[in-house]
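Peer 1:
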Amino acid sequence: MIRATEITEAGRFNKPHGIKGEISATIDLDVDLDDVKCIVMDIEGIYVPFFINGIRPKNSDTYLLTIDGVNDEAAAQQFTNKAIYVLNSDVPEYEIDPDGFYAADLIGYRIVDSEHGDLGEISDINDSTQNVLFVVTTDKGGEIFIPVADEFIDGIDTESRTVFTTLPSGIVDLN
Numbered sequence: 038m039i040r041a042t043e044i045t046e047a048g049r050f051n052k053p054h055g056i057k058g059e060i061s062a063t064i065d066l067d068v069d070l071d072d073v074k075c076i077v078m079d080i081e082g083i084y085v086p087f088f089i090n091g092i093r094p095k096n097s098d099t100y101l102l103t104i105d106g107v108n109d110e111a112a113a114q115q116f117t118n119k120a121i122y123v124l125n126s127d128v129p130e131y132e133i134d135p136d137g138f139y140a141a142d143l144i145g146y147r148i149v150d151s152e153h154g155d156l157g158e159i160s161d162i163n164d165s166t167q168n169v170l171f172v173v174t175t176d177k178g179g180e181i182f183i184p185v186a187d188e189f190i191d192g193i194d195t196e197s198r199t200v201f202t203t204l205p206s207g208i209v210d211l212n
């Protein structure tokens, strides 16, 4: 069974395209649909996986999808205006740890660096750049941007909600 914590909203189905079951879909998340295991939809409160048989780009963020088992316009109509989800494991830029932690799961955790001590609380994730960043709000109200990178993370303590890091010298001073 797929849980809500295991998926991320990736976009939305628009309307059927043609009579052979193709469906127009707008994808807002930076994810390659060729690399996803399946797409997931909320069907009456249950997250159901669907497998993609074909993908054709329509424009920069809209695709025409062929879904396994959807072979005509009537079957495709059930997808209209529904949210499209993908498994978190198919969104590699959010993955920081092979044990299943994702950067977004760490919002609210404190960052304690081996050299600088307690830096503050992770308040957001900035994924608008090439490198995904933790947005850390300091106790004085400032912000520090820290790259989400395995080589900087020494450990994660879920009980104390703390991320332990060893950051390169000067990175804290850049902010």
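Numbering (my numbering), first residue to last: 38 to 212.
From the three backbone atoms N, C-alpha and C, an ideal C-beta is built for every residue, glycine too.
Could you tell me which uninterrupted beta strand (DSSP E) segments, each at least 3 residues in length, are contained entirely in the segment 166-209, listed from first to last along the chain?
Peer 2: 170-174, 180-184, 190-194, 199-202
Peer 1: Looking at the structure shown, is Pro135 part of a helix, part of a strand, or coil, going by DSSP?
Peer 2: Residue confidence for Pro135 is low, a pLDDT of 45 falling below 50, so the modelled location carries little weight; the figure read from the coordinates is stated next. In this structure, DSSP gives Pro135 a state outside helix and strand, which the three-state scheme calls coil.
Peer 1: Under the DSSP definition of a beta bridge, which residues are partnered with Leu66?
Peer 2: None; Leu66 has no bridge partner.
Peer 1: Is the segment 98-106 in contact with the segment 57-70, if contact means three or more CB pairs nearer than 8 Å?
Peer 2: Short answer: they touch.
Peer 1: For Thr45, which residues from the same chain have a beta carbon less than 7 Å from its beta carbon, with the 5 sequence-adjacent residues on both sides left out?
Peer 2: Annotation for Thr45: Leu66, Tyr122, Val123, Asn125, Val128 place their beta carbon closer than 7 Å to its own, counting only its chain and skipping 5 residues before and after.
Peer 1: According to DSSP, is Glu81 helix, strand or coil?
Peer 2: coil
Peer 1: Are the CB atoms of Glu59 and Ala113 within a distance shorter than 8 Å?
Peer 2: yes
Peer 1: So, with DSSP's three-state summary, where would you put Asn163?
Peer 2: strand
Peer 1: Are the beta-carbon atoms belonging to Val77 and Ile39 less than 8 Å from one another?
Peer 2: yes
Peer 1: So, using beta-carbon positions, are Ala120 and Asp79 closer together than 8 Å?
Peer 2: yes
Peer 1: Can you give the Cα-Cα distance for Val149 and Asp155, rounded to whole angstroms?
Peer 2: Computed Cα separation, rounded: 4 Å.
Peer 1: When DSSP labels each residue in this structure, what does Thr117 get in the three-state scheme?
Peer 2: coil
Peer 1: Cα-Cα, which of Asp194, Pro53, Lys74, Val209 is closest to His153?
Peer 2: Of the listed residues, the one whose Cα sits closest to His153 is Val209.
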